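Residue numbers (the numbering used here): 2 to 281. All C-beta atoms, glycine included, are put in the ideal place defined by N, C-alpha and C. It should be emphasised that the depicted structure is a prediction, and the values quoted were computed from it without experimental measurement. Scroll down for the structure; my scribbles are underneath it.
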């Protein structure tokens with residue numbers, strides 16, 4: 002439902018205040034409450050589902066297969082499907098591009114290498130069942146959890162196959178499977194955050210109403226080392242678009258840096274949860 006001119010004016014002025022007042026009383030660095038589930042798809046190497054308080058929902062499944070490393074250009078393939086949109090629409094293509102790009106740039110494919118000739122190729126299938134706001138942040142959070150819970154079969158054949166060509170052989174016992182990302186690993190999957198700009202204020206995880214009155218938006222990457230590329234400009238509204246100021250960029254960088262570590266801790270706690278469900 003679109004906001005009336007009076008509602009738009011009231012909400013815009015509230016978000017532009019110092020300090021700002023968000024319609025759901027969140028702070029600028031606070032996410033909407035969400036419910037997360039992990040490892041619920043039996044036919045996948047890893048899976049996750051996140052539902053937001055506004056009803057938005059996303060499911061991500063990770064599957065793998067063994068390939069000759071020399072025959073593939075990328076060991077990670079992302080596919081995004083959004084309910085109500087064609088697969089070849091610009092909206093879906095842009096979501097797919099952002100996820101594919103950040104994983105290609107910031108995911109160490111060395112963890113997928115099996116032997117000198119063979120590697121695992123992982124397929125990240127994302128389905129957005131429902132969304133009320135721009136779903137890239139939701140997709141990124143769900144993909145993070147799915148990758149964190151992904152396990153791969155244990156290799157039992159020889160690792161060095163340079164002299165003798167040998168097909169990789171794996172253990173039949175799934176209890177011996179190895180996690181894609183070990184718990185003691187310093188590497189964590191990258192995240193993408195959506196930031197809205199209203200006046201001189203910036204807001205993480207904007208709702209549909211906040212996006213409708215936003216003057217601009219940004220997509221910002223984050224990993225354990227801090228803020229990373231991309232740092233892209235995006236239009237979240239077709240009515241209030243204005244130019245970007247240096248102040249907005251600095252504030253958005255500090256905002257993502259501030260909340261990124263807390264988000265990683267929350268997601269990692271979900272990934273370690275044996276019950277596979279959490280609300281935070």
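For residue i, the residue or residues it bridges with in DSSP
{"i": "residue 223", "result": "192, 228"}
{"i": "residue 217", "result": "198"}
{"i": "residue 310", "result": "Beyond the ends of the chain as shown, which are 2 and 281, falls residue 310; an answer cannot be given."}
{"i": "residue 234", "result": "219"}
{"i": "residue 33", "result": "For residue 33, which the question treats as bridged, DSSP gives no partner whatsoever."}
{"i": "residue 203", "result": "198"}
{"i": "residue 171", "result": "156"}
{"i": "residue 47", "result": "63"}
{"i": "residue 79", "result": "125"}
{"i": "residue 53", "result": "35"}
8 Å CB neighbourhood of residue i in its chain, flanking five on each side removed
{"i": "residue 1", "result": "Shown here, the chain extends from 2 to 281; a query on residue 1 therefore has no answer."}
{"i": "residue 4", "result": "12, 210, 213, 214"}
{"i": "residue 157", "result": "170, 171, 172"}
{"i": "residue 70", "result": "76, 114, 118, 119, 120"}
{"i": "residue 91", "result": "none"}
{"i": "residue 249", "result": "198, 201, 203, 217, 219"}
{"i": "residue 61", "result": "48, 49, 50, 125, 126, 127, 128, 140, 143, 144, 146, 147"}
{"i": "residue 25", "result": "33, 208"}
{"i": "residue 87", "result": "93"}
Within-8 Å CB hit, residue i to chain B
{"i": "residue 265", "result": "No chain B is present in this structure, which holds just one protein chain."}
Cβ-based neighbour list, residue i, same chain, cut-off 7 Å, excluding 5 preceding and 5 following
{"i": "residue 84", "result": "129, 130, 131"}
{"i": "residue 153", "result": "46, 65, 121, 178, 179, 181"}
{"i": "residue 95", "result": "none"}
{"i": "residue 243", "result": "216, 217"}
{"i": "residue 220", "result": "99, 137, 193, 195, 231, 233, 235"}
{"i": "residue 160", "result": "116"}
{"i": "residue 256", "result": "29, 30, 196, 203, 205"}
Close Cβ partners of residue i (< 6 Å) along its chain, the five nearest in sequence each way excluded
{"i": "residue 254", "result": "228"}
{"i": "residue 190", "result": "145, 148"}
{"i": "residue 142", "result": "51"}
{"i": "residue 124", "result": "64, 78"}
{"i": "residue 82", "result": "128"}
{"i": "residue 39", "result": "49, 146, 150, 277"}
{"i": "residue 17", "result": "199, 200"}
{"i": "residue 252", "result": "203"}
Span of the alpha helix (DSSP H), counted from its first residue to its last, around residue i
{"i": "residue 14", "result": "6-16"}
{"i": "residue 248", "result": "247-273"}
First and last residue of the uninterrupted beta strand (DSSP E) at residue i
{"i": "residue 65", "result": "58-69"}
Check: residue i C-beta below 7 Å from any heavy atom of the ligand COA
{"i": "residue 267", "result": "For the structure depicted, the ligand COA is absent and the ligand set is empty, with no information on it obtainable."}
Q) Can you list, in chain order, the stretches of the beta strand (DSSP E) that have 3 or more residues and sit fully within the stretch 86-139? A) Counting only unbroken stretches of 3 or more residues, the beta strand (DSSP E) elements lying wholly within the stretch 86-139 are 119-131, in sequence order.
Q. Counting pairs of beta carbons, one from the stretch 143-154 and one from the stretch 42-50, are three or more of them closer than 8 Å?
A. yes
Q: Spell out a yes or no on whether the stretch 256-276 and the stretch 217-228 are touching, meaning 3 or more CB-CB pairs, one atom from each, closer than 8 Å.
A: Yes: at least three Cβ pairs fall under 8 Å.
Q) Is it a yes or a no for the stretch 26-41 touching the stretch 94-105, going by three-plus beta-carbon pairs under 8 Å? A) no
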